[in-house]
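Engineer: Residue numbers for the sequence shown follow our numbering, so the first one is 2 and each next one is one higher. First the structure, which I've put down as structure tokens, then a few questions once you've had a look.
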Amino acid sequence: SHPIAAFFFLVFRLGSIAMYLFGSIFIKNFSLVFVICILLLAFDFWTVKNVSGRLLVGLRWWNEIQPDGSNKWVFESAHPNRKPNSSDSKLFWTVLYGTPIIWMFLAFVCLITWDFSWLVIVAIAIGMSGANVVGYTQCDK
């Protein structure tokens, strides 16, 4: 079990959603809420990609730029004998797949309410969390 990795995995994921939902209540400056959300999303992306996935489920991915300019995706798995903790694994996969669903719902709300300034944050969140979903889904094959 990796409680510290799980803690930061949840803090950055849920923190960005909480800041998006409640930031404008406590902070009247949209720009500040925007910057804090983007920073939390960036921390989340990096932490999930480089730390949480490796520790909680034994997977990691990255993208390499080849000399000819093409992209090469690299997927890394822990040794097959390593069995991840079932609680860590359930937490990781549930939150990994659940977060983009929440962001897509929030995008739908932005579209219905014609609130395009907030949609920018949501689009960035969907892109970053979606990249981790694609990367880890490919790793898990």
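Beta carbons: idealized from backbone N, C-alpha and C, even for Gly.
From this set, Cys140, Ala132, Lys50, which residue's C-alpha is nearest Glu1's C-alpha?
Structural biologist: There is no way to answer for residue 1, as the model of the chain reaches only from 2 to 142.
Engineer: Tell whether a beta-carbon distance below 8 Å holds between Leu42 and Ser17.
Structural biologist: For Leu42 and Ser17, yes; Cβs fall inside 8 Å.
Engineer: My guess is that Leu57 and Pro85 are in contact by the Cβ rule of under 8 Å, so how many angstroms apart are they, rounded?
Structural biologist: Correct: roughly 7 Å between the Cβ atoms.
Engineer: Can you name, in chain order, every residue of its own chain whose Cβ lies under 6 Å from the Cβ of Phe93, other than the five neighbours on each side?
Structural biologist: Result list for Phe93: Leu57, Val58, in chain order.
Engineer: Decide if Leu97 is buried, meaning its Cβ has at least 16 other Cβ atoms within 10 Å, or exposed.
Structural biologist: Buried: at least 16 other Cβ atoms inside 10 Å.
Engineer: Only counting runs of 4 or more residues, tell me where the alpha helix (DSSP H) segments fall wholly within the stretch 13-86, in order along the chain.
Structural biologist: Taking only runs of at least 4 residues, the alpha helix (DSSP H) segments lying wholly in the stretch 13-86 are 31-48, 54-57.
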